[in-house]
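Colleague: Let me begin by handing over the structure; questions about it come next.
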Amino acid sequence: MFAQALPVYTGKNFSMKCLLTALLVCCASAQAAHKAAHKTVQREKAPVSQCFKVRRLLKTDSTHYWAEWSNTCPYTIDAVYVMVGFLDRSEREMGNGVWPMYFVRPGQHRVTRFSAPVADFETVRVHHITSDSSEALRADPADQLAIDAVRSQSLPPGSIGDSAVGKVLPYQPESSGNKTRF
């Protein structure tokens, strides 16, 4: 009796309905799995500044230092920029530097040698760690003042300006009195 109450599907109709039902179930489960995996990845993605660690900075000579660093992030870091400052014996800032690392795998630990942009520094300190290149490579405000001064400097026609803080030399066409022999 019970078997007679169920509808019986045969032929093409039965195959198509089973196929569509199976496809619907597969799509729904794939969508749910994708959402769950995406939420897990977003939750695990800690900021680079929290999980890229500079363990030690060690001065080796007047122009070089060693940096011991490790990646404790659970993902590969595409790019990380470490901004450092160089101090003299009286703890005054002598200059700044930035060193980049690219494609740093999870758990990677290294010691790297770097050149300092200043000579005779006493100490190296980490200022900031970021994955934003525009933040890391932004000019220092003091440097920006010098850059703006050079850009706004107007030169008289026929003069050649120096891009640094140098003397402006007038252009003198070659004449018999100022020829130089080589």
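Its first residue numbered 21, the sequence shown is counted upward by one per residue in our numbering.
Glycine included, C-beta positions come from ideal geometry on N, C-alpha and C.
(1) Ignoring anything shorter than 3 residues or poking outside the stretch 88 to 113, list the beta strand (DSSP E) runs there in chain order.
(2) Considering only C-alpha positions, which residue in the set A48, R109, V68 and S135 is nearest to S90?
(3) Between V124 and I149, is the Cβ-Cβ spacing less than 8 Å?
(4) Determine the closest residue to H147 out of A156, A139 and R133, with distance taken between C-alpha atoms.
(5) Measuring alpha carbon to alpha carbon, tell me which residue in T143, F72, T80 and S151 is nearest C93.
(6) Looking at A66: is its Cβ nearer than 8 Å to the Cβ of V74?
(7) Using only CA atoms, which one of V144, V104, M121 and Y95 lies nearest to T80?
(8) Looking only at its chain, what residues have a beta carbon closer than 7 Å to the beta carbon of Y85, apart from the 5 residues adjacent to it on each side?
Modeller: If we stick to the structure as given:
(1) 97 to 107
(2) In the sequence shown, counting from the first residue as 1, residue 90 sits at position 70. Measuring from the Cα of S90, the nearest candidate turns out to be V68.
(3) By one-based count along the sequence shown, residue 124 stands at place 104. By one-based count along the sequence shown, residue 149 stands at place 129. No, these two residues do not count as a Cβ contact at 8 Å.
(4) To locate residue 147, count along the sequence shown from 1; it is residue 127. Selected option, being the one with the closest Cα: A156.
(5) On the sequence shown, residue 93 is found 73 positions in, with the first residue counted as 1. Nearest of T143, F72, T80 and S151 to C93, Cα basis: F72.
(6) Within the sequence shown, numbered from 1, the residue matching residue 66 stands at position 46. Within the sequence shown, numbered from 1, the residue matching residue 74 stands at position 54. No. Outside cutoff.
(7) Taking the first residue of the sequence shown as 1, we reach residue 80 at position 60. Answer by Cα proximity: V144.
(8) Residue 85 sits at position 65 when you count from the first residue of the sequence shown. L77, L78, K79, F134, A136 and V144, listed in sequence order.
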